[in-house]
Amino acid sequence: MKKLTTFALLMVSFFAAAQQETIDQKVNALLKKMTIEEKIGQLNQYTGDNSATGPITINPNKQAEIKAGLIGSMLNVVGTKYTRQYQELAMQSRLKIPLLFGQDVIHGYKTTFPIPLAEAASWDLQAIELAARVAATEASASGIHWTFAPMVDIGRDPRWGRVMEGAGEDTYLGSKIAYARVKGFQGNKLGDLNSVMACVKHFAAYGAATGGRDYNSVDMSERMLFETYLPPFKAALDAGAATFMNSFNDINGIPATGNVHLQRDILKGKWNFQGFVVSDWGSIGEMVAHGYSKDLKAAALSAITAGSDMDMESNAYRYNLAELVKEGKVSIDLIDDAVKRILRKKYELGLFENPYKYSDDKRAEKALNNPENRKAALEVAEKSIVLLKNENQTLPLSKSLKTIAFIGPMVKEYKANMGFWSVELPDVDYDKWVVSQWDGLQNKVGKNTKLLYAKGCEVDGDNKDGFAEAVATAKQADVVILSIGERRDMSGEAKSRSDLHLPGVQEDLVKAIQATGKPVVVLVNAGRPLIFNWTADNIPAIVYTWWLGTEAGNAIANVLSGDYNPSGKLPMTFPREVGQVPIYYNHFSTGRPAPNENSTGYVSSYIDLKNSPKFPFGYGLSYTKFNYSDLKLSSAKIKSNETIKVSFQLSNVGKVAGEEVVQLYLQDKFGSVVRPVLELKDFQKVKLNAGESKTIEFTIDKEKLSLYNDKIEWVAEPGDFEVMIGASSADIKLKANFELVQ
Ligand code: GLC
Numbered sequence: 001m002k003k004l005t006t007f008a009l010l011m012v013s014f015f016a017a018a019q020q021e022t023i024d025q026k027v028n029a030l031l032k033k034m035t036i037e038e039k040i041g042q043l044n045q046y047t048g049d050n051s052a053t054g055p056i057t058i059n060p061n062k063q064a065e066i067k068a069g070l071i072g073s074m075l076n077v078v079g080t081k082y083t084r085q086y087q088e089l090a091m092q093s094r095l096k097i098p099l100l101f102g103q104d105v106i107h108g109y110k111t112t113f114p115i116p117l118a119e120a121a122s123w124d125l126q127a128i129e130l131a132a133r134v135a136a137t138e139a140s141a142s143g144i145h146w147t148f149a150p151m152v153d154i155g156r157d158p159r160w161g162r163v164m165e166g167a168g169e170d171t172y173l174g175s176k177i178a179y180a181r182v183k184g185f186q187g188n189k190l191g192d193l194n195s196v197m198a199c200v201k202h203f204a205a206y207g208a209a210t211g212g213r214d215y216n217s218v219d220m221s222e223r224m225l226f227e228t229y230l231p232p233f234k235a236a237l238d239a240g241a242a243t244f245m246n247s248f249n250d251i252n253g254i255p256a257t258g259n260v261h262l263q264r265d266i267l268k269g270k271w272n273f274q275g276f277v278v279s280d281w282g283s284i285g286e287m288v289a290h291g292y293s294k295d296l297k298a299a300a301l302s303a304i305t306a307g308s309d310m311d312m313e314s315n316a317y318r319y320n321l322a323e324l325v326k327e328g329k330v331s332i333d334l335i336d337d338a339v340k341r342i343l344r345k346k347y348e349l350g351l352f353e354n355p356y357k358y359s360d361d362k363r364a365e366k367a368l369n370n371p372e373n374r375k376a377a378l379e380v381a382e383k384s385i386v387l388l389k390n391e392n393q394t395l396p397l398s399k400s401l402k403t404i405a406f407i408g409p410m411v412k413e414y415k416a417n418m419g420f421w422s423v424e425l426p427d428v429d430y431d432k433w434v435v436s437q438w439d440g441l442q443n444k445v446g447k448n449t450k451l452l453y454a455k456g457c458e459v460d461g462d463n464k465d466g467f468a469e470a471v472a473t474a475k476q477a478d479v480v481i482l483s484i485g486e487r488r489d490m491s492g493e494a495k496s497r498s499d500l501h502l503p504g505v506q507e508d509l510v511k512a513i514q515a516t517g518k519p520v521v522v523l524v525n526a527g528r529p530l531i532f533n534w535t536a537d538n539i540p541a542i543v544y545t546w547w548l549g550t551e552a553g554n555a556i557a558n559v560l561s562g563d564y565n566p567s568g569k570l571p572m573t574f575p576r577e578v579g580q581v582p583i584y585y586n587h588f589s590t591g592r593p594a595p596n597e598n599s600t601g602y603v604s605s606y607i608d609l610k611n612s613p614k615f616p617f618g619y620g621l622s623y624t625k626f627n628y629s630d631l632k633l634s635s636a637k638i639k640s641n642e643t644i645k646v647s648f649q650l651s652n653v654g655k656v657a658g659e660e661v662v663q664l665y666l667q668d669k670f671g672s673v674v675r676p677v678l679e680l681k682d683f684q685k686v687k688l689n690a691g692e693s694k695t696i697e698f699t700i701d702k703e704k705l706s707l708y709n710d711k712i713e714w715v716a717e718p719g720d721f722e723v724m725i726g727a728s729s730a731d732i733k734l735k736a737n738f739e740l741v742q
């Protein structure tokens with residue numbers, strides 16, 4: 001059997017290599033026919049008119065330029081009709097090179113899934129891959145070849161609005177999720193009808209913007225870059241990501257778009273990336289504003305030299321590259337390399353055989369927002385919800401409740417549940433297609449339960465006129481559910497916030513409702529960690545519902561009713577105050593670590609605030625209770641080429657079935673560089689019925705013990721390690737020690 005498998009694998013790789021050789025032959029043959037203008041055309045990308053996702057470059061001649069072969073790709077053109085129309089223009093060009101259509105399909109195309117940060121809270125890699133798979137199926141049925149996702153930027157600063165788009169603060173979790181998302185988007189292979197090219201972004205370290213202010217500068221050591229920020233990009237590359245997108249920020253004094261070290265040394269050099277790099281919206285031209293390039297021509301020179309293959313929306317390549325080649329400042333080889341990288345993908349997608357293969361009306365009708373996709377959206381949404389507090393068994397709601405008051409500015413919203421970066425589709429009636437939180441609860445409660453509604457207040461602004469009605473409504477109910485939070489345009493790109501408190505007078509509304517003495521459940525809808533200390537300290541039940549997408553209302557109702565037992569865990573630390581930011585769990589010890597959250601004096605702490613977060617990384621509750629016991633290590637001493645088996649018992653000692661995300665943390669007690677007080681090195685999401693127990697096993701190998709030393713070498717250093725099994729980064733259930741010997 002083994003021989004057969006080996007033979008089969010050999011044959012597969014032989015044919016893949018043969019196919020690649022054919023593609024390379026075709027690319028080289030086509031390249032020979034291309035003029036310099038047509039080559040530069042392939043490096044040029046413009047937005048369509050569906051929805052701008054940045055400052056638009058006005059160019060009234062796009063259609064004529066496509067026919068002249070001067071544009072190689074469009075973004076923000078969605079739907080079979082429009083993509084076909086543009087493609088028909090490209091087929092009138094001399095060489096009939098098809099256009100690539102790119103789109104920000106970040107968390108769903110039509111069927112919209114929870115925002116990526118919420119999906120990360122599921123810690124369910126299969127669910128996350130499924131969400132990307134469904135998005136790819138719908139996008140590729142709508143003429144889209146390429147999604148500008150996954151965004152894999154590590155986000156340790158909730159002031160930065162784009163944390164909603166990533167997988168949170170942790171490098172290990174972020175790397176696993178990056179891999180899963182690329183696999184989901186790209187499917188079995190590029191060219192399959194239900195696959196789209198992934199685009200790993202934003203390369204690199206965009207999430208470390210100073211002050212959490214979008215587009216701001218980044219300055220960090222090479223070691224921090226390699227240890228914390230680059231691994232999710234490498235994981236995405238290992239998953240076969242077809243393209244990368246560079247980032248707006250300067251990093252260590254050089255804009256990422258013109259950064260030879262990032263794009264040539266690391267990405268295309270050390271990592272041997274064979275796909276292509278697209279600039280982020282206008283970022284090539286923005287090197288002038290950075291004060292890095294004197295003018296657009298200098299920017300074009302820096303960008304092409306640094307390895308930015310395609311120019312999104314800045315016109316830098318369009319109007320300067322030919323001259324730079326003529327002046328001998330840019331070698332035609334650089335242009336040819338970029339063109340070949342792009343043409344190779346167009347061949348792999350099968351666009352030369354059939355430029356219209358993804359623009360098929362019949363397929364779109366069946367593929368978009370069908371029951372199967374909505375079921376997937378519901379499942380992923382349920383798994384993304386995080387139960388932050390549940391005192392006095394407030395949740396799940398009793399099925400015998402007579403009257404429920406559902407109050408707050410988010411209750412009857414439709415599109416607000418979509419979150420930022422949902423795809424703006426022409427002529428879609430969101431009210432008919434998104435399940436509001438009100439609809440979801442209506443669908444759930446029996447005919448003997450009356451639902452009352454009051455808005456109470458707006459998301460922001462200081463108007464409290466609605467409070468009286470809200471309080472009066474609450475007084476008529478057995479239990480009150482309050483749905484508050486951010487609007488969908490309060491997190492996302494260019495949405496940095498200096499104040500992370502609940503916007504407006506929402507927390508005053510919580511206080512007014514709590515004063516009625518009724519049991520209160522608060523739902524917090526947001527794209528980032530928010531600060532709501534009074535609510536967290538005074539309300540018995542709190543559920544973080546993020547922005548959950550098309551099936552938001554049903555997912556929330558399933559959790560409130562107990563039909564789904566919440567299983568989410570926070571992928572980011574929630575600060576007590578913005579003054580703590582950046583605050584993250586895997587921090588270094590320092591020479592004066594604070595012994596506990598109340599320590600002051602000559603220790604690393606604040607004199608005016610506890611030293612702990614409001615809610616820690618990896619935290620989330622369940623309606624049941626899990627017990628951890630009987631930790632065993634297969635040995636207490638290992639060499640670097642050996643492994644340790646870690647096992648323990650997990651028991652569901654509660655009354656209902658549930659899923660627990662068990663987390664394996666390690667601390668390297670001493671290193672040639674200081675080490676985090678603990679680091680996530682593995683996790684499993686385990687489902688157990690009430691009363692059920694299971695032996696959970698992890699393997700610790702050299703990879704999990706390694707670090708980047710101060711020479712940026714990836715090494716496992718001998719020394720003492722502590723294994724911690726946690727229900728969160730701040731709730732360590734079991735501990736043991738072992739030694740790595742030479
Ligand atoms: C935006 C974003 C990027 C997106 C691109 C195209 O400015 O930074 O993530 O993919 O432009 O919309």
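Residues 1 to 742 in UniProt numbering are what the sequence shown spells out, letter by letter. We put the CB at the ideal spot given by N, CA and C, even for glycine.
Distance CB(Gln649)-CB(Ser693) smaller than 8 Å = What you label residue 649 is simply residue 649 of the sequence shown in a count that begins at 1. What you label residue 693 is simply residue 693 of the sequence shown in a count that begins at 1. Yes; because the gap between Cβ atoms is below 8 Å, this pair is in contact.
How would you write the range of the beta strand (DSSP E) that Ser140 sits in, first residue to last?
-> Taking the first residue of the sequence shown as position 1, residue 140 is located at position 140. Note, Ser140: premise wrong, no beta strand (DSSP E); alpha helix (DSSP H) at 125-140.
Tell me whether Trp714 sits in a helix, a strand or coil according to DSSP, three-state version.
-> Start at 1 with the first residue of the sequence shown, and residue 714 comes out as number 714. Note: Trp714 maps to strand in three-state DSSP.
Who pairs with Leu387 in a beta bridge, going by DSSP?
-> As a position in the sequence shown, residue 387 is number 387, starting the count at 1. Note: Leu387 sits in a beta bridge opposite Val543, Leu621.
Length at least 4, wholly inside the region 268-314: the alpha helix (DSSP H) runs in chain order = 286-289, 296-306
From Ser629 to Pro718, what does the alpha carbon distance come to, in whole angstroms?
-> Locating residue 629 in the sequence shown gives position 629, where the first residue counts as 1. Locating residue 718 in the sequence shown gives position 718, where the first residue counts as 1. Their backbone Cα atoms lie some 28 Å apart in a straight line.
Val606 to Asn525 span [Cα, whole Å] | Within the sequence shown, the letter at position 606 stands for residue 606. Within the sequence shown, the letter at position 525 stands for residue 525. Going by the sequence as given, residue 606 is Tyr instead of Val. Answer to the nearest angstrom: the Cα atoms are 29 Å apart.
Which whole-angstrom value is the C-beta distance of Asn246 and Asp280, which I expect to be below 8 Å?
-> Along the sequence shown, read from residue 1 onward, the residue named residue 246 stands at position 246. Along the sequence shown, read from residue 1 onward, the residue named residue 280 stands at position 280. Confirmed, about 6 Å.
What is the residue span of the alpha helix (DSSP H) that Thr561 lies within?
-> Sequence index remark: in the sequence shown, residue 561 carries index 561 (1-based). The identity of residue 561 in the sequence shown is Ser, whereas the question assumes Thr. Per DSSP, Ser561 belongs to the alpha helix (DSSP H) from 552-561.
Please specify which runs of the beta strand (DSSP E), each continuous and at least 3 residues long, are wholly inside the UniProt domain "Fibronectin type III-like" (660-729), giving them in chain order.
-> 679-688, 693-700, 706-708, 714-716, 719-728
Less than 8 Å separating the beta-carbons of Ala236 and Val200?
-> The residue given as residue 236 occupies position 236 in the sequence shown. The residue given as residue 200 occupies position 200 in the sequence shown. Contact flag set, yes.
Reference Glu391, options Ile332, Arg374, Val521, Glu327, closest by Cα = In the sequence shown, residue 391 corresponds to position 391, counting from 1. Checked all of Ile332, Arg374, Val521, Glu327; the closest Cα to Glu391 is Val521.
Can we count Gly485 as close to the ligand GLC, meaning its CB is less than 7 Å from some heavy atom?
-> Residue numbering aside, residue 485 sits at position 485 when the sequence shown is read from its first letter. Flag unset: Cβ of Gly485 not near the ligand GLC.
Test item: CB-CB of Lys345 and Val27 under 8 Å = For the purposes of this step, residue 345 is identified with residue 345 of the sequence shown, where counting begins at 1. For the purposes of this step, residue 27 is identified with residue 27 of the sequence shown, where counting begins at 1. It is not a contact, given that the beta carbons lie outside the stated cut-off.
Alpha-carbon to alpha-carbon, Ala132 and Glu327 = Along the sequence shown, read from residue 1 onward, the residue named residue 327 stands at position 327. Along the sequence shown, read from residue 1 onward, the residue named residue 132 stands at position 132. Each residue's alpha carbon lies about 45 Å from the other.
Quick one: which unbroken beta strand (DSSP E) runs of 3-plus residues sit fully inside the region 178-226? Chain order, please.
-> Listed in chain order, the complete beta strand (DSSP E) runs (minimum 3 residues) inside the region 178-226 are 199-203.
Decide if Lys366 is buried, meaning its Cβ has at least 16 other Cβ atoms within 10 Å, or exposed.
-> Within the sequence shown, numbered from 1, the residue matching residue 366 stands at position 366. Classification of Lys366: exposed, given that the 10 Å Cβ count is below 16.
Starting from Thr535, trace the alpha helix (DSSP H) both ways and give me its first and last residue.
-> Your numbering for residue 535 matches position 535 in the sequence shown. Residues 533-538.
Given that a residue counts as buried once 16 or more other Cβ atoms are within 10 Å of its Cβ, and exposed if not, what is Tyr317?
-> For the purposes of this step, residue 317 is taken as the residue at position 317 of the sequence shown. By the 10 Å Cβ count, Tyr317 comes out buried.
Exposed unless 16 or more other CB atoms sit within 10 angstroms - verdict on Trp123 | Numbered from its first residue, the sequence shown carries residue 123 at position 123. So Trp123 ends up on the buried side.
Is Lys669 buried or exposed, if buried means 16 or more other CB atoms sit within 10 Å of its CB?
-> Translated into positions along the sequence shown, residue 669 becomes position 669. By the Cβ-count criterion, Lys669 is exposed, with fewer than 16 other Cβ atoms from all chains shown falling within 10 Å of its own Cβ.
Assigned secondary structure, Phe15 (DSSP; H/G/I helix, E/B strand, else coil) | Numbered from 1 along the sequence shown, position 15 holds the residue referred to as residue 15. Phe15 falls in the helix class under three-state DSSP.
Backbone CA spacing between Ile638 and Asp710 [nearest angstrom] = To locate residue 638, count along the sequence shown from 1; it is residue 638. To locate residue 710, count along the sequence shown from 1; it is residue 710. So the alpha carbons of these two residues sit roughly 24 Å apart.
For His145, is the beta carbon positioned less than 7 Å from some heavy atom of the ligand GLC?
-> For this step, residue 145 is matched to residue 145 along the sequence shown. No; taking the cut-off as 7 Å, the Cβ of His145 has no heavy atom of the ligand GLC nearer than that.
First through last residue of the beta strand (DSSP E) which encompasses Asn320 = Numbered from its first residue, the sequence shown carries residue 320 at position 320. That residue, Asn320, is in no beta strand (DSSP E); its alpha helix (DSSP H) goes 316-326.
Per DSSP, cross-strand counterpart(s) of Thr112 = Stepping through the sequence shown from its first residue, residue 112 is reached at position 112. Gly108.
Between Asn59 and Tyr46, is the Cβ-Cβ spacing less than 8 Å?
-> For the purposes of this step, residue 59 is taken as residue 59 along the sequence shown, with counting starting at 1. For the purposes of this step, residue 46 is taken as residue 46 along the sequence shown, with counting starting at 1. Yes, these two residues count as a Cβ contact at 8 Å.
Any non-hydrogen atom of the ligand GLC closer than 7 Å to Thr243 Cβ = Stepping through the sequence shown from its first residue, residue 243 is reached at position 243. No - the ligand GLC has no heavy atom lying nearer than 7 Å to the Cβ of Thr243.
Between Gly187, His202, His261, which lies nearest to Glu222 when the distance is taken from Cα to Cα?
-> As a position in the sequence shown, residue 222 is number 222, starting the count at 1. The option with the nearest alpha carbon to Glu222 is His261.
Comparing alpha-carbon positions, which option in Pro566, Lys450, Ala139 lies nearest Asp478?
-> Working through the sequence shown from its first residue, we reach residue 478 at position 478. Checked all of Pro566, Lys450, Ala139; the closest Cα to Asp478 is Lys450.
The ligand GLC heavy atoms versus the CB of Leu75: any closer than 7 Å?
-> Here residue 75 refers to the residue found at position 75 of the sequence shown. Look at Leu75: its beta carbon is less than 7 Å from one of the heavy atoms in the ligand GLC.
Through-space distance from Lys632 to Ile696, alpha-carbon basis = Here residue 696 is taken as the residue at index 696 of the sequence shown, counted from 1. Here residue 632 is taken as the residue at index 632 of the sequence shown, counted from 1. Going from the Cα of Ile696 to the Cα of Lys632 covers about 10 Å.
From the DSSP output, in three-state form, read off Tyr414 for me.
-> The residue given as residue 414 occupies position 414 in the sequence shown. Looking at Tyr414 - three-state DSSP - the assignment turns out to be coil, as it is neither helix nor strand.
Can you list, in chain order, the stretches of the alpha helix (DSSP H) that have 4 or more residues and sit fully within the region 228-259?
-> 231-238
From Met151 to Thr473, what distance separates their C-alpha atoms?
-> As a position in the sequence shown, residue 151 is number 151, starting the count at 1. As a position in the sequence shown, residue 473 is number 473, starting the count at 1. Taken atom to atom, the span from the alpha-carbon of Met151 to that of Thr473 is near 43 Å.
So the alpha helix (DSSP H) Gly440 belongs to, where does it begin and stop?
-> Looking up residue 440 in the sequence shown gives position 440. First-last of the alpha helix (DSSP H) with Gly440: 437-444.
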